[in-house]
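The block underneath contains the structure these notes are about, expressed in structure tokens.
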Amino acid sequence: MSQKFRLESGGLINRDKPVTFSFNGHELKGYDGDTLASALIANGVHLVGRSFKYHRPRGIMSAGPEEANALLQLGEGAYTEPNARATMEELFDGLVATTSNAFPTVKYDIGEVNSLFSKIFVSGFYYKTFMWPSKAWKFYEHFIRKAAGIGKAPEEHDPDFYDKTNAFCDVLVVGGGPAGLSAALSAAATGAHVTLVDDQPRFGGSLMAQSGQEIDGKPALEWVDEAEAKLHDLDNVQVLRRATAFAYYDHNYVGIWERLTDHLPVKPEGLPRHRVHMMRAKQVIIASGAIERPLVFCDNDRPGIMLASACRTYVNRFGAKPGNKGVIFTNNDSAYATVLDLIDAGIEIKAVVDVRKDPLGPLMEKADAAGVKILTNSAVVGTSGRLHLKSVEVAELSDDGETAKSDVTEIACDFLGSSGGWNPTVHLHCQAGGKLDFDEERGAFVPAPSNRTNPNISVGSCKGAFGLADCLAQGFEAGQEAAKAAGIKFRKSGKAPTAEAVDEGNRRLLWLVPGKKPLGQSGKHFIDLQNDSTAADLQLALREGYRSIEHVKRYTTTGMATDQGKTANVNALAIVAQTLNEAIPTVGTTTYRPPYVPVTFGAIAGRDIDDLLDPARTTPMHSWHVNAGAEFEDVGQWKRAWYFPQPGEDMHAAVNREVAAMRNSVGILDATTLGKIDVKGKDAAEFLNRVYTNAWTKLGIGKCRYGLMLGEDGMVMDDGVTSRIAEDHFLMTTTTGNAAPVLGHLEDYLQTEWTDLEVYLTSVTEQWATASIAGPNARALLSELTDDIDLSNEALPFMAWTPGTVAGIPARVFRISFTGDLSYEIAVPADYGLALWQALMTAGSKYDITPYGTETMHVLRAEKGFIIVGQDTDGSITPVDLNMNWIVSKKKGDFIGKRSLDREDMSDPNRKQLVGILTDDPKEVLPEGAQLVEVVKDKPPMDMVGWVSSSYWSPNCDRSIAMALVHGGLKKMGQKLYSPQADGRVIECTITDTVFYDKEGNRQNG
Amino acid sequence: MDNFMRQGPLNDLGLVGRTSEDNAQVTMGDGGRPMVVNLRLDPANKAAMKAVATLVGVDLPQKANYFVEGKETEVHWLAPDEWMIVSQNMEGNELVSKLDEALDGVHHSAVNVSDNFAVITVEGEKARALLQKAIPLDLHPREFHTGMSTQTHAAKTNVILQQVSDAPFYKLYVRRSFSQYLWAWLESGSIGFGLAISS
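Residue numbers (the working numbering), protein chains in the order written: chain D, 8 to 1013; chain F, 359 to 557.
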């Protein structure tokens, strides 16, 4: 029989459904209902991995999410999953698991040599050893990273699909054990919308691990089944199994991670692997239970050493034996429940080693009556067995418990269950900002009353109420209390489920169990099994002067990594407190941070992946650009046509052709993406006076004006052309990327500062599609498509607009120019954008009309020295710096940024100013961002006087052109500058003005 | 103006040629090209409110996040002084002219934004579950139900969400440049529900 450690009967497994799986290449059998861990235990696999730092052999140490050793690699190829806790993975047919941290095999691991040198691998070893010489760290790091670390991340694209949803309820109950079920039932009875989540495939929590419990006079699991059936039938209850509440944020926003297909041998199509529920609950009831605390004794990490409660879980829930002959090591009565159940299952208990001098408790009494050998005032002081526990050494304790007597008894055994008491699972309570009280009697942190931001109630053992009767009563109370707080009106009815109250007995808190020799001299007292940190490491950190528990945590890495110290933290801080001779609450806990358990990135991303990561905004003409083979550039979220390469052309060639074609005949640009704001109201002109630097009151109807918008700091924020539609009506344009921020900025002023102004703003960015035609033939082209617009210079001069019909479409035609050439921007309702574009292309064919993209637009505007906000400005540039004093009105009243412009620093002649730059070699194009210096030295650092903001090859000037921000640049016309390059070359150049082409500005007049 | 020149923002998706999945539990569609006019007006001006009501055939709703139906129009509350007027029959510029005339001398703003939006319809058994993935408001009928319309966001876009009927049948008014993204996002979110495309 392969499952040598499977009991003949019992457990919540389905023995009619055998399951085949593989571990480290061996084919093994288990049953439906097993976890990977329970199946390994049933097969007698005690050695499952190697530890993180010393590569010590390790076995399964728990039966829950606190597992620190059995972190296995699951699946293969793109589906592989690192660091899966074997205790949380349900077994299914075909599951493949391997040990992560061993080479070549888990039995013979080369890394175990680290163990021989463990005396030097103490806390801070890497910090201390590899800091010199500092440059060599990168070399060391490569090897250190390879030796440490555990699982391997898949290298392929994740083929699974994940989902994420918003969710809401009145009462969220976290945990489907007795307290949680009782809470869910009582909350549901009020009519409240209840969501119940549990991380297991079935409800019952700790009841699944126990035996002989009764609720309302029936076997506990029968009560659980009935409760589950009742909840299932209620419309106002949502039940999520295999779902972990992993994060608790403000205002009861709780992240729930549901695993839908991991346990299925064949993954159904259409079902996501994981789903995150972003739950906004009015009230939260936390019934997350408690995690047993291991005792910290010498060499407490051998395969076969586990939590006492885990031994019980394997026997009762999975019908699997942790071993054949065991020792239970405890400081409290609860471990005797394990003793009794194991004896019932036919497992030999060689002895119970109890640190208490005078143990009290009903379970102990039962065990005593059953003839179990109980060694009081005793401790396990050592263990042996390299790959599997062989024996333990037991000695009597001194009076104060700080040392062990020298008379040592060796007890042969193949497993040990240890219990140091219970730690309430307070993670969610603390993530929610809840404080903790210290229960001196139980040696446990328990939740203090919750706060107002995150109203929640802890019930049951996560509140320190470990008895079943208390769990049920607290759950019932909390269910009604939460429903009431959530605003549900109901009449109190029903009563709490009942169970027999049991005396917990007494305890002896012995945080650090002494060994045969003083700490650190022989063997290791592990605190954190996942990080291989020991009690000696903690004491070393304290000797080196660390005092804050947060510092000690980071220096020793105790409580870090994926298990977040679920079994380590309280032991660690108690030992720190003891060493410092301080009270445990004075030392305090470290911060509990989300996630409670590791959550897949895929689940957090949900559908926001690949093309859906961020919106791609497209214009009505987008499909035309795609068909024309355009390359696209991201501008904000917009996809803008960047350039239109013809066959065989690279970007440089395409742009050169487009630039020349526009200047020679006519080019066409999709200008739809510019922000557009409809400004309406009798105070519209005054409003513009206040938001732009120049004056607007006298702008005639039908005329357009360029404006520069400043922030309150006087720095250029945005620019654009605004046109007057009517006396009380303007159309403002903004830069593409700034449309939404500018509207927000303006609304902010209207609603908070200038409530006296009668102005309404409406975003019309997307109402209009805009095609801009530019070049000497623009007028001829447009005249073919309109018969109701007089295009003469007199009727429609530069900086004027008119309504009319273009290609049969009602349009607004603006004679404005960003190219310096004769140019019309034709705006039509967006649905007609494509039709307009096509009509212009068709009619324009005789002029060899050339579509151009943003890159050509940039070259064309640079030839004219027109700025781009955000490229030639960086948030620290004023209009004066741009040599645009002409646009700053000296006469009108206040405008945003005006006062800042009067600051002394603003008139410093040495501010960075925008100038033109011509390279001495006309063929040389400066890289954008290049630094400029006046004096070249052999090597950096050199005094930098400025940097290149725009730089292009200009086909029309037949040379390179550039703009730069240079300290005091406007007074340095004609001065030489140098631009040292990364490759050692120095590009020589000269400061000029910023207009490189058509300096007289005749071309835009047509 | 020839109608064939008109191209709605969802046309590029080729929905007409799309086949529906069997046993689809959610149906999505292009909600067409209704007239949409954005109106800003001080609701305290009773005479002006009445003048608008006469033109659009229904009193402007003053209850937050609701819409009302007139004979030819639907009026959505967007803000205390802002409404969205939707009609399948009216023409935007014409209504704007009439509103401007009726509100002459009154501070207001009526803007034709018909081309600003795409309308995506979502209906069927799983419609709410699908939208709930994208929308951070509680869509349970006790919080959001037929007759309501609200500005919110769906995935990473702004939308105006309207529940038209208990089926449930929803309409999402989305800025046109975001509409193909939002369609693709919702389609991706519908995996497992079965998706039908309404004609």
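For every residue, glycine included, the Cβ atom is placed at its ideal position computed from N, Cα and C.
Secondary structure at residue i, three-state DSSP: helix, strand or coil?
| i | result |
| --- | --- |
| residue 823 of chain D | coil |
| residue 941 of chain D | coil |
| residue 262 of chain D | strand |
| residue 978 of chain D | helix |
| residue 369 of chain D | helix |
| residue 220 of chain D | coil |
| residue 513 of chain F | coil |
| residue 522 of chain F | strand |
| residue 743 of chain D | helix |
| residue 78 of chain D | strand |
| residue 487 of chain F | helix |
Would you kindly work out how many angstroms separate the C-alpha atoms of residue i and residue j, rounded to a whole number?
| i | j | result |
| --- | --- | --- |
| residue 846 of chain D | residue 815 of chain D | 10 Å |
| residue 960 of chain D | residue 885 of chain D | 27 Å |
| residue 423 of chain D | residue 364 of chain D | 21 Å |
| residue 997 of chain D | residue 653 of chain D | 35 Å |
| residue 760 of chain D | residue 752 of chain D | 11 Å |
| residue 446 of chain D | residue 367 of chain D | 19 Å |
| residue 423 of chain F | residue 501 of chain F | 11 Å |
| residue 389 of chain D | residue 522 of chain D | 6 Å |
| residue 328 of chain D | residue 346 of chain D | 13 Å |
| residue 510 of chain F | residue 655 of chain D | 47 Å |
| residue 571 of chain D | residue 598 of chain D | 10 Å |
| residue 464 of chain D | residue 476 of chain F | 45 Å |
| residue 275 of chain D | residue 400 of chain D | 52 Å |
| residue 516 of chain D | residue 425 of chain D | 13 Å |
| residue 457 of chain F | residue 468 of chain F | 7 Å |
| residue 861 of chain D | residue 650 of chain D | 7 Å |
| residue 995 of chain D | residue 939 of chain D | 9 Å |
| residue 505 of chain F | residue 445 of chain F | 16 Å |
| residue 433 of chain F | residue 520 of chain F | 11 Å |
Along the chain, where does the beta strand (DSSP E) containing residue i start, and where does it finish?
| i | result |
| --- | --- |
| residue 711 of chain D | 711-717 |
| residue 874 of chain D | Residue 874 of chain D -> no beta strand (DSSP E), and no H or E assigned at all. |
| residue 923 of chain D | 919-926 |
| residue 959 of chain D | 951-961 |
| residue 808 of chain D | 807-813 |
| residue 478 of chain D | Unbroken run through residue 478 of chain D is the alpha helix (DSSP H), 475-492; no beta strand (DSSP E). |
Counting contacts by CB-CB distance shorter than 7 Å, is residue i in contact with chain F?
| i | result |
| --- | --- |
| residue 787 of chain D | no |
| residue 678 of chain D | no |
| residue 687 of chain D | yes |
| residue 614 of chain D | yes |
| residue 619 of chain D | yes |
| residue 630 of chain D | yes |
| residue 767 of chain D | yes |
| residue 839 of chain D | yes |
| residue 172 of chain D | yes |
Can you find a C-beta in chain D that's less than 7 Å from the C-beta of residue i?
| i | result |
| --- | --- |
| residue 474 of chain F | yes |
| residue 550 of chain F | yes |
| residue 547 of chain F | yes |
What are the start and end residues of the alpha helix (DSSP H) that includes residue i?
| i | result |
| --- | --- |
| residue 325 of chain D | 315-325 |
| residue 576 of chain D | 576-587 |
| residue 193 of chain D | 185-196 |
| residue 796 of chain D | Residue 796 of chain D -> no alpha helix (DSSP H), and no H or E assigned at all. |
3 or more residues per run - each beta strand (DSSP E) lying fully within the segment 407-484 of chain F:
425-427, 431-437, 440-445, 466-470, 475-481
If you scan the segment 590-647 of chain D from start to end, which runs of the alpha helix (DSSP H) of 4 or more residues do you find wholly inside it?
591-594, 608-612, 629-634
Segments of 4+ residues assigned as alpha helix (DSSP H) that fall wholly inside the segment 327-413 of chain D
342-351, 369-376
Jot down the residue ranges of each uninterrupted alpha helix (DSSP H) in the segment 408-443 of chain D, minimum 4 residues, whole runs only, in chain order.
434-438
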